[in-house]
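41 is the number of the first residue of the sequence shown in my numbering; add one for each residue after it. Virtual Cβ for every residue (Gly too), placed ideally from N, Cα, C. Remember, predicted model here, so these are calculated numbers, not experimental data.
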Amino acid sequence: ANAQSPGPRSQPPTSPVTGNAAAGKKLYEGYSCYACHGFNGETGRAFVGNWSANLATESSFIAFLRGRANVAPVQPSTSMPNFSANTLSDAQAKDIYAYIRTFKSHTPANVEDIPVFNQILSAARQPVKP
């Protein structure tokens with residue numbers, strides 16, 4: 041069987057960033073964002089390489105964080121925690137956004153470009169000895 045390439049990839053946003061990425065890194069770690077998104081946005085609930093509209097601009101990111109801050113819907117649209125302005129200020133959210141915008145995708149365009157993966161596939165294709 042041929043290896044499948046990842047799904048459609050989207051380009052990172054290019055909108056202006058006003059926050060401080062170094063401060064954002066501390067907040068990203070302090071608020072445990074990495075627990076779901078990984079340390080580089082590429083693991084777990086990944087977004088790097090599949091940038092959503094919620095990450096297109098600072099204002100859309102803040103609106104996403106605040107979207108359910110004071111509401112408890114029966115069917116939440118996401119499992120992401122709510123962050124009210126009392127929990128995370130706009131300035132802090134902009135810092136986190138600035139840090140997130142430094143993330144780069146390290147995923148090869150084709151899985152065929154991953155040497156270790158190819159070694160595993162090659163070994164798996166070997167006939168099984170009785």
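- In the DSSP assignment, Glu69 falls within the unbroken alpha helix (DSSP H) covering Ala61 to Gly70.
- In the DSSP assignment, Val156 falls within the alpha helix (DSSP H) that extends over Pro155 to Ala164.
- In this structure the stretch 101–108 does not lie against the stretch 74–88, because fewer than three pairs of beta carbons, one per stretch, are closer than 8 Å.
- Cα atoms of Gln132 and Asn158: separation of roughly 42 Å, rounded to the nearest angstrom.
- Taking the C-beta atoms as reference points, Tyr139 is found nearer than 8 Å to Ala61.
- The criterion of a C-beta distance shorter than 8 Å is not satisfied by Ser50 and Asn80.
- In summary, Ser145 is buried, with 16 or more beta-carbon neighbours lying within 10 Å of its beta-carbon over all protein chains present.
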